[in-house]
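A.B. asks:
Protein chains: 2
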Amino acid sequence: MKVSQLAKVLNTTPDTVRYYSRIGLIMPIKNTENGYKSYNQQAQQRLKFILSARQLDFSVEEIKEILLVADNGRTACPLVREIVEHRLAETEKKFNDALALRNVLRNAIDDWKSKPDKSPTGDMLCHLIQGGNDE
Amino acid sequence: MKVSQLAKVLNTTPDTVRYYSRIGLIMPIKNTENGYKSYNQQAQQRLKFILSARQLDFSVEEIKEILLVADNGRTACPLVREIVEHRLAETEKKFNDALALRNVLRNAIDDWKSKPDKSPTGDMLCHLIQGGNDE
DNA sequence: CTTGACCTGTGTCTTAGACACAGTCGTAAG
DNA sequence: CTTACGACTGTGTCTAAGACACAGGTCAAG
Chain H
31 MKVSQLAKVL NTTPDTVRYY SRIGLIMPIK NTENGYKSYN QQAQQRLKFI LSARQLDFSV
91 EEIKEILLVA DNGRTACPLV REIVEHRLAE TEKKFNDALA LRNVLRNAID DWKSKPDKSP
151 TGDMLCHLIQ GGNDE
Chain L
31 MKVSQLAKVL NTTPDTVRYY SRIGLIMPIK NTENGYKSYN QQAQQRLKFI LSARQLDFSV
91 EEIKEILLVA DNGRTACPLV REIVEHRLAE TEKKFNDALA LRNVLRNAID DWKSKPDKSP
151 TGDMLCHLIQ GGNDE
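Sequence order for the protein chains is H and L. Start counting at 1 in the first sequence, then tack on 30, and there's your number in our numbering. Start counting at 1 in the second sequence, then tack on 30, and there's your number in our numbering.
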């Protein structure tokens with residue numbers, strides 16, 4: 031199986047497959063004649079796992095650690111549980127940050143509706159952003 | 031005014047000031063003797079504006095465009111209004127994405143509570159992530 | 001003068017792929 | 001058979017917004 035074929039089977043892009051190959055997450059066999067990479071069943075299995083973990087927003091580095099544990103025959107489950115908890119906390123922070131920013135932006139748009147456009151002056155590049163509230 | 035001093039006055043980091051200097055957003059005067067960068071009042075004004083725009087999550091590239099317009103004496107307000115609308119749309123998308131991911135993670139954690147840790151097998155690296163639902 | 005703490009500019013690193021590029025394959029026409 | 005051409009390939013480079021490492025410079029205390 032070549033790179034684009036594998037990508038299509040698992041519904042991802044060739045660039046993604048190449049990237050995971052490049053950093054050693056999946057190990058293709060090198061065709062000695064043309065240097066093309068060839069992927070076997072195990073590589074496909076591995077890539078499927080990686081893509082599933084990425085859907086949970088696991089980082090590539092985290093996935094690498096998980097695979098390292100599993101490759102040594104040990105359970106990766108505790109590590110996986112730990113990562114997912116951590117990711118949930120981060121996601122909740124992102125969620126709150128996005129919520130707060132949304133409110134700031136909405137308020138700005140609303141405030142600015144009543145304000146005119148102005149040319150910049152020496153000490154005021156854009157009164158919308160800079161001015162707390164105009165005179 | 032030197033880099034750390036300016037950073038402290040506007041409550042940011044020296045690395046940030048150096049970065050904006052490096053890409054030409056603010057233009058310090060080079061002290062000829064030791065090569066240190068020196069910032070005047072106008073640079074401080076400019077940095078203050080940049081930091082305010084960053085608080086609205088404007089990208090550095092967008093801020094560069096705004097400054098370019100203002101430096102030519104034209105109103106940057108229409109551009110600013112356009113960017114903030116765009117940013118609001120993006121932020122709402124991020125908000126929804128974070129919300130969806132949060133639900134996925136919460137469900138995963140909940141489902142996994144009743145599942146044991148397992149050693150990897152030839153075709154199952156981690157049953158938590160891989161198994162739709164177990165046998 | 002010397003020590004040491006702090007400061008400085010420059011160069012490199014970070015994520016997870018996307019994109020550009022030159023070379024290669026496969027196939028269809030001639 | 002050759003040729004042409006589109007689709008494919010690996011490798012190298014690029015991204016955002018600073019953070020960090022490092023070698024050298026500055027400054028006040030002793």
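From the three backbone atoms N, C-alpha and C, an ideal C-beta is built for every residue, glycine too.
1. Output yes if chain L places a C-beta closer than 8 Å to the C-beta of residue 83 of chain H; else output no.
2. Just the Cα atoms here: how many angstroms apart are residue 80 of chain L and residue 31 of chain H?
3. Quick check on residue 103 of chain H - is its C-beta less than 8 Å from some C-beta in chain L?
4. What are the residues in the stretch 107-129 of chain H lying within 8 Å of chain L by C-beta distance?
5. Check the Cβ of residue 160 of chain L against every Cβ in chain H and list those closer than 7 Å, keeping chain order.
6. Kindly indicate which residue of L/160, L/118 and L/73 has the alpha-carbon position closest to the one of residue 145 of chain L.
7. According to DSSP, is residue 59 of chain H helix, strand or coil?
8. Under the three-state reduction of DSSP, which class applies to residue 67 of chain L: helix, strand or coil?
9. Could you tell me if residue 50 of chain H is buried or exposed, where buried requires 16 or more neighbouring beta carbons within 10 angstroms of its beta carbon?
10. Please confirm if residue 73 of chain L has its CB atom under 8 Å from at least one CB of chain H.
11. Run through DSSP, which three-state label would residue 121 of chain L get?
12. Less than 8 Å between CB atoms is the rule here; does residue 58 of chain H satisfy it with respect to chain L?
13. Tell me, please, which residues DSSP counts as bridged to residue 151 of chain L.
C.D. replies: Taking the definition as stated:
1. yes
2. 51 Å
3. yes
4. 107, 108, 110, 111, 114, 115, 117, 118, 121, 122, 124, 125, 128 and 129
5. 79 and 82
6. L/160
7. strand
8. strand
9. buried
10. no
11. helix
12. no
13. L/154
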